[in-house]
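For reference, the structure discussed in these notes is given below.
Protein chains: 4
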Amino acid sequence: MITADIIEQSNARAEARLRADYAALGEHLDRRGIDIAAIKARVAAYGVAVPSWGVGTGGTRFARFPGPGEPRHIFDKLEDCGVIQQLTRATPSVSLHIPWDAQPAADLNAKAEEVGLTFDAMNSNTFQDQPDQAHSYKFGSLSHTDAATRQQAVEHNIACIDLGAQIGSRALTIWVGDGSNFPGQANFTRQFERYLDAAGQVYAALPDDWTLLTEHKMYEPAFYSTVVQDWGTNLLIAQQLGAKAKCLVDLGHHAPNVNIEMIVARLRQFGKLGGFHFNDSKYGDDDLDTGSIDPYRLFLVFNELVEAEADPGFAPMHMLDQSHNVTDPIESLMVSATEVQRAYAQALLVDRKALDGYQEDNDALMATTTLKAGFRTDVEPILAMARLEAGGAVDPVAVYRASGYRAQVAAIRPAVSGAGGGIV
Amino acid sequence: MITADIIEQSNARAEARLRADYAALGEHLDRRGIDIAAIKARVAAYGVAVPSWGVGTGGTRFARFPGPGEPRHIFDKLEDCGVIQQLTRATPSVSLHIPWDAQPAADLNAKAEEVGLTFDAMNSNTFQDQPDQAHSYKFGSLSHTDAATRQQAVEHNIACIDLGAQIGSRALTIWVGDGSNFPGQANFTRQFERYLDAAGQVYAALPDDWTLLTEHKMYEPAFYSTVVQDWGTNLLIAQQLGAKAKCLVDLGHHAPNVNIEMIVARLRQFGKLGGFHFNDSKYGDDDLDTGSIDPYRLFLVFNELVEAEADPGFAPMHMLDQSHNVTDPIESLMVSATEVQRAYAQALLVDRKALDGYQEDNDALMATTTLKAGFRTDVEPILAMARLEAGGAVDPVAVYRASGYRAQVAAIRPAVSGAGGGIV
Amino acid sequence: MITADIIEQSNARAEARLRADYAALGEHLDRRGIDIAAIKARVAAYGVAVPSWGVGTGGTRFARFPGPGEPRHIFDKLEDCGVIQQLTRATPSVSLHIPWDAQPAADLNAKAEEVGLTFDAMNSNTFQDQPDQAHSYKFGSLSHTDAATRQQAVEHNIACIDLGAQIGSRALTIWVGDGSNFPGQANFTRQFERYLDAAGQVYAALPDDWTLLTEHKMYEPAFYSTVVQDWGTNLLIAQQLGAKAKCLVDLGHHAPNVNIEMIVARLRQFGKLGGFHFNDSKYGDDDLDTGSIDPYRLFLVFNELVEAEADPGFAPMHMLDQSHNVTDPIESLMVSATEVQRAYAQALLVDRKALDGYQEDNDALMATTTLKAGFRTDVEPILAMARLEAGGAVDPVAVYRASGYRAQVAAIRPAVSGAGGGIV
Amino acid sequence: MITADIIEQSNARAEARLRADYAALGEHLDRRGIDIAAIKARVAAYGVAVPSWGVGTGGTRFARFPGPGEPRHIFDKLEDCGVIQQLTRATPSVSLHIPWDAQPAADLNAKAEEVGLTFDAMNSNTFQDQPDQAHSYKFGSLSHTDAATRQQAVEHNIACIDLGAQIGSRALTIWVGDGSNFPGQANFTRQFERYLDAAGQVYAALPDDWTLLTEHKMYEPAFYSTVVQDWGTNLLIAQQLGAKAKCLVDLGHHAPNVNIEMIVARLRQFGKLGGFHFNDSKYGDDDLDTGSIDPYRLFLVFNELVEAEADPGFAPMHMLDQSHNVTDPIESLMVSATEVQRAYAQALLVDRKALDGYQEDNDALMATTTLKAGFRTDVEPILAMARLEAGGAVDPVAVYRASGYRAQVAAIRPAVSGAGGGIV
């Protein structure tokens, strides 16, 4: 972890400027009838989960270029996640991926307490074969034609729930790569029937206070068809399984040009919006840093979420899910957590009463202008002030670099060679 | 209509070649264990509806270039449709569009009988303003913020049902252009609530033996959001309204790269596949001639339909829906009807028992090869023989051109000048 | 035009807040080492042309819903454009479309002087048939198989140059809809040879100080192939024709997911970037208001343009090109002109020296953060102050609405009924 | 290799049916004025290269599921490629990938002679780091900001040429993953300048009778920008480097909806079409089996190639480039080679004189029908007869399975465990 004095020294240097910017913004918002302190309070209370696998350098099927200090195991990963939370105060929990992170619950709990984190949704893995695995997932998992393979996948998911229950998790996220690469390879209908049956068995094992999140994705690793290919199929799953089953929306898992914020609105309207994987994309499931490509789209998603806050019991889970191929993963996750907060803050600034009126009057120009006024506002002082007041860093990246954390862990953790991707 | 002797003379010239090709194909299929006569019988029994508006030259927002002999009204259109059926024997019914085709039921029935046609689904129009209309659809129809506008749209749809009931139709197809062009222009949730409420009123007026078909479309004429934007929303509509409500799939109304045959499979699996608008597309809702761009995709849709034929009560409606900008519409519709039959015939040839086995064994290569063997077969002799035996033309386009029909109607119907599209 | 007192009264009410915001921003930018006055000066000097056709309500192939006071002719259009310039001080010139705007040069010049405007690029039209036209463009214009049709299109383009020369224009923009709707309809190679030959004849008639801008577009109105379908073909045209030929980039004319800013960079690098049509899009050539869908993409384009400002002779032409279907066109054009200025101002704020350093060091995170710092800054006070100081309106839309201009022209200009689009 | 008697026995069983089908097709084609023997002769003379890496099971960033008998090195790969050529007689050459296949030239030549193959284009690899590599390609290779890294990439490419020259290759294919994952990470212009400079050094080392093929790709592994992102940039490279530089078109490397056959036509028209990587795709660079998703698109590409055969010196290189994730790679490559031949045969059947006439007359319907008549013909008997007469297998997959080749090599080659993809 990073020592408090490094944070304090950096903050001390930045504080005067921040206070000036914050004061100016406060006056500006006051002229717009908005109380900056109220916005700041809501931002401060907001958190997004970090995925344990996100702190390792990602890769593509062509190559992976690790950096220094790659985490060796979940305990290293939790330390890295602890740093992110320490500096941003925006990422209070971690989402585990099993079997990568499978360790005794007591050890996980101890380490989490040590680094000041809790556990978010559990993630199962039936898209890879593990060394000791009886049945291969090459041709599918929950929807495999072979009953024993499906059973193995069901049991793995139940094991994830069991571990999760011991570490305070309350949700299981299922993403499968099941699908096909050729027309005719799979019978769409029977394949989905098998999926529903197997997922139903997992659902049956779910504790009462848990949520089952299923995640759709248009393609990859299957390249002709994917069993849970879009929100329509995802909705059917959630409807078939029951009230504890909801849909998870990953921002990068959609067809080109799709209006994602509208999917968010539909799932919310019918009580099936369960959570998010935040990231950004330009082409496919690029898993780029959240808000790095189209920040307005992220804002439009949060516009829906802020509107939905009034719904009773509305509490979708929020997680980052990115592949960090060319940056230090800790830096990317810190900046991305900030971007999520930024979109939230901007959405909070929208004058919803005025917006409603323009919508009712079909005054498209004033409606869109009103919405965009929230996005256009530079809320950075609010985010930074929230961090400062919570003991985090005004400038997390600068503090992180100054701290020498990466070099310190690189001295402990062995160097990893540049392994090839899936093609070799 | 075209005189029988023109057809007979043309057929006489083509018959020897056709019989040779048919015999050779019959022997080939026999070697594959397939009875050509059985396939021919099913093709002969298959029909696809023609849209009344399809016999006029289409256009874009930039321009429309009419041809000679443009139909003046529904009675001209029915004559053109009669020619298509006369030559192809594949298009026994016509789908009307109201108010364009609104005429006394008795007159419609008389003309239809005269030209040998029946009436398929009714189509309402709430995406254009009519001269005598009280409320404008500029900002929506069934989902408009104004209750009176929604009511007007509901009543128009009910009027379509009323007329349809008098001419033997059994379905109403609703497509609305409602949506928005700017983020914030419309509240997604409230807009869809209004849609559901209004559509529910139309549904309530539906006779017991009717089907309500709702049609989704990704975009156009609305360019930021569309109320019924995809099959997920369409499914929600059909679920909310009731058992008589089903989804209509237009092949050109999807996001880029979407696996349409899988959507067909999903809707079928959950009892909500109501019908099709056949056409083809390369970019957006291009409304190109069916099978002209990606004939294998059309085959894959029919592969699902042939598999579903075993489902009790499975009988989705089939209609062509194309915009003929650079061809004689009659020719395009004849060729397109043949392409739909072709895909059906090819799908009938698939060895489903072998395919099932390969799917069960995850033998992807043999499964896709088995499927493609149906597509690869040149079934033209089957289609032509079915036409010949039913009194149609072996070569519909050649007979049509030889008949001089277009010149004849051009002499009667006044020339139409090249009107601009929506941009001027 | 709008009386000065209406502007002054509105500005007077807004001025105190604006000055406070401007001062705060100035202080903030000063802390970042940026002189706000210098930025403001460059913004004030920036102008974007308005298309004459943009002040009329647009439409789609499905429908067009005109508003009150639709301009009847180019003189009405110039008045509307004059209002836009009067209030925004960002649109000093108008781009004409021939034959829609063909009028005696003296009359055009007189009206332009009256309303305080000059003339930007001329636009020819060979995608529609005019009543008196000898040869139809149904199957193409500059690339038509028929030599006489090509000749007609060439002569029309030369006539546009002739008129343009009399009204101070210095460029001709050619966009053709030529292409095909079916595989095989056209021979790609011969079609492009014909295009190059015909375009070469137009080029030969170009005055020495003119630029010929050719515009690519992926599809529409042709839906299988388009002759000038992308920047690759556009580049070949500019290379073949000569030094005065350059490429025009319309932001909505690209394939899904394409990196447009990179195309801008490539054309600039090879001296062939001639100009822009600004708008925004979510699906196809949606012609939505500039910056309304993806404002960051617009910023990234301007990031390239600001970098290129150092190139000797770099002066691409800038024009808005939008279809206003649900807003008052004057309002949309005012807001869009402001959005273009906004992107320019944001791009000017980027710390290019720091950015260069991070790029050289492959510090992706700091590079993108540095770039985004420009985008994130709310430059509205700079834009508004530039307008105020130039005699425009602090809030153009509010002043326009208060002025009653639309109602005034609606009293003079006859109401237009809601004509259908290209489909009927 | 597979013993001759296994092939002969299988062929003997299939021959009677094949001869019947061939005779029937011959008669049918004769009625269309086509000499089947002439088509067969051209098909028999056609060959497509196989990529050495294609005979190993592929994978994605998520996982790789190897099959039994994975080749250990280039000599195993050459044996597998030998089997493909033995059974299909359509794949006479192999394309090497360096450093994966780097071995002494004498050994490569000896093995190639043993298995009856020659060497096609060489492929360099600067998208992965090798264990002994001085400079990492994490941030690029030929376009890297660091001169030493660029130099290392240049030298590697020259080494590929050197080895290729010793084994009879005549071309080098360069594909780089260089690009960026964040807006601002790279300066587009300077990055491309560096690429051109480095590629120019490789070009300078090219023997006179060699071709340098550069390959564009829209995205992946870079997910915001790619240096050689499309055919426009690829064309600029070929123009800048010189006459020996040409463009390689991979069918899966384009933006959604792009008209690929038109790009083929443009590059051919300007003398810059150098070669192909054949495969198929539904979403991105899926590397699916050629013709498995959209066989008509493949046909349309070959329609351009057949038309271009008349061009003096027109001889683009043809190679398969696929990732076989769920099939036996040998089977997929055999079927894919056949699919390429199929498209070629179908394109040869097109009545080009009739097509030209319809194109000249703008008879879109007859033009597209004429083109499609080639595609619709089931040419399987021609392909199979060409194989039979050349000593290959009538049914390559059946013979291959009957031969037990996979089990034989699996007994020799050690099993490979299911390695994870790039994400872990």
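Chains as they are written, first to last, in UniProt numbering: chain Y, 1 to 424; chain F, 1 to 424; chain C, 1 to 424; chain S, 1 to 424.
By construction, the Cβ of each residue, glycine as well, lies at the ideal position given by its N, Cα and C atoms.
C-beta neighbour in chain C for Y/Pro295, strict 8 Å | So, interface residue.
Just the Cα atoms here: how many angstroms apart are Y/Arg342 and Y/Val379?
-> Straight-line Cα distance between these residues: approximately 7 Å.
Is DSSP giving S/Phe278 helix, strand or coil here?
-> DSSP, reduced to helix, strand and coil, places S/Phe278 within a strand of the structure shown.
Can you tell me which of the three DSSP states Y/Asn123 falls into?
-> Y/Asn123 falls in the strand class under three-state DSSP.
Is DSSP giving F/Thr149 helix, strand or coil here?
-> Helix at F/Thr149.
Per DSSP, what kind of secondary structure is F/Pro396 in: helix, strand or coil?
-> In this structure, F/Pro396 counts as helix in the three-state DSSP scheme.
For Y/Leu212, which beta-bridge partners are listed by DSSP?
-> Paired residues: Y/Leu172 and Y/Ala245.
Taking the C-alpha atoms as reference points, what is the distance between Y/Thr338 and Y/Tyr46?
-> Going by the C-alpha atoms only, they are around 11 Å apart.
For F/Ala198, I'd like the list of residues in its chain whose CB is within less than 6 Å of its CB, leaving aside the five on either flank, ordered along the chain.
-> For F/Ala198, where only same-chain residues beyond five positions count, the Cβ hits under 6 Å are Leu142, Arg150 and Val154.
Candidates C/Asn187, C/Leu288 and C/Val115: closest to C/Asp328 by CA position | Between C/Asp328 and the set C/Asn187, C/Leu288 and C/Val115, the nearest pair of CA atoms involves C/Leu288.
Scan the segment 351 to 392 of chain S and note each continuous alpha helix (DSSP H) run of 4 residues or more that stays entirely inside, going in chain order.
-> Taken in chain order, the complete alpha helix (DSSP H) segments of 4 or more residues contained in the segment 351 to 392 of chain S are 352 to 360, 364 to 376 and 380 to 389.
Report, in whole angstroms, the separation of the C-beta atoms of F/Glu360 and Y/Thr145, which I expect to be a contact under 8 Å.
-> Indeed, because the Cβ distance is near 5 Å, the residues count as touching under 8 Å.
Take the Cβ of Y/Pro381 as the centre, count every other Cβ of all protein chains shown within 10 Å, and call the residue buried at 16 or more, exposed below.
-> Buried, since its Cβ has 16 or more Cβ neighbours within 10 Å.
Three or more C-beta pairs below 8 Å linking the segment 176 to 185 of chain Y and the segment 215 to 223 of chain Y = Contact check between the segment 176 to 185 of chain Y and the segment 215 to 223 of chain Y: three or more CB pairs, one atom from each, fall below 8 Å, which counts as touching.
Name the chain F residues whose beta carbon is nearer than 7 Å to that of C/Pro221?
-> Contact note: C/Pro221 reaches chain F through Thr60, Phe62 and Ala63, using a C-beta cutoff of 7 Å and chain order.
Residue-level contact to chain F via CB, C/Gly177, 8 Å cutoff | So yes, C/Gly177 belongs to the interface.
Under the assumption that S/Thr368 contacts C/Gln130 (Cβ atoms under 8 Å), give the Cβ distance between them as a whole number of angstroms.
-> Their Cβ separation, rounded to whole angstroms, is 29 Å, which puts S/Thr368 and C/Gln130 out of contact at 8 Å.
What three-state label does DSSP hand S/Asp321 in the structure shown?
-> S/Asp321 falls in the coil class under three-state DSSP.
May I ask which residues mark the beginning and end of the alpha helix (DSSP H) holding Y/Ser332?
-> Where Y/Ser332 is concerned, the enclosing alpha helix (DSSP H) starts and stops at Pro329 to Leu348.
Show which residues of chain C have a CB atom less than 8 Å away from the CB atom of S/Gln85.
-> Result: empty, since nearest Cβ-Cβ is about 32 Å, beyond 8 Å.
Checking contacts by CB at 8 Å: is C/Leu288 closer than that to chain F?
-> Judged by the 8 Å Cβ criterion, C/Leu288 is in contact with chain F.
Would you tell me roughly how many angstroms separate the C-alpha atoms of C/Pro68 and S/Ile174, rounded to the nearest one?
-> C-alpha separation (whole angstroms): 60 Å.
Own chain partners of Y/Ser332 with C-beta closer than 7 Å, once the 5 adjacent residues on each side are dropped = Excluding sequence neighbours, Y/Ser332 sits near Asp289, Gln322 and His324.
May I have the straight-line CA-CA distance separating S/Val424 from Y/Pro99, to the nearest angstrom?
-> Low per-residue confidence applies at S/Val424: pLDDT is 47, beneath 50, and the placement is therefore not dependable, though the value from the model is reported in the following sentence. Going by C-alpha positions, S/Val424 is about 12 Å away from Y/Pro99.
Three-state class that DSSP yields for Y/Val228 in the structure shown | Y/Val228 falls in the coil class under three-state DSSP.
With 16 as the cutoff for other CB atoms within 10 Å, does C/Thr91 come out buried or exposed?
-> C/Thr91 is buried by the Cβ-count criterion.
Can you grab the Cα-Cα spacing for the pair S/Glu8 / F/Ile263, in whole Å?
-> Whole-angstrom Cα-Cα distance: 45 Å.
Short Cβ contact (8 Å threshold) for F/Val228 with F/Ile237 | With contacts defined as CB atoms closer than 8 Å, F/Val228 and F/Ile237 qualify as a contacting pair.
Pair every Cβ in the segment 5 to 24 of chain F with every Cβ in the segment 348 to 362 of chain S, then say whether three or more of these pairs are closer than 8 Å.
-> No, because fewer than three Cβ pairs between the segment 5 to 24 of chain F and the segment 348 to 362 of chain S fall closer than 8 Å, the two stretches do not touch.
Looking at C-beta atoms only, is the number of pairs between the segment 188 to 204 of chain C and the segment 240 to 260 of chain C that lie closer than 8 Å three or more?
-> Contact holds: three or more Cβ-Cβ distances are below 8 Å.
Could you name the residues of chain Y that C/Tyr283 contacts, counting a contact when the two beta carbons are closer than 8 Å?
-> Going along chain Y in sequence order, the residues near C/Tyr283 (Cβ under 8 Å) are Asn257.
So is S/Leu235 in contact with chain C if we call contact Cβ pairs under 8 Å?
-> Judged by the 8 Å Cβ criterion, S/Leu235 is in contact with chain C.
Taking 8 Å as the CB-CB cut-off, is F/Gln128 touching chain C?
-> Cβ-Cβ to chain C under 8 Å: yes for F/Gln128.
Secondary structure of C/Arg72, DSSP reduced to three states = In the structure shown, C/Arg72 sits in coil (DSSP, three-state: anything other than H, G, I, E or B).
Return helix, strand or coil for Y/Val424, following the three-state DSSP convention.
-> At Y/Val424, the pLDDT of 47 sits below 50, so the modelled position is not reliable; the number obtained from the coordinates is stated separately. Residue state, collapsed to three classes: coil.
With 8 Å as the C-beta to C-beta threshold (strictly closer), list the residues of the segment 316 to 341 of chain Y near chain C in chain order.
-> Result list: Val326, Thr327, Asp328, Glu331, Ser332 and Val335.
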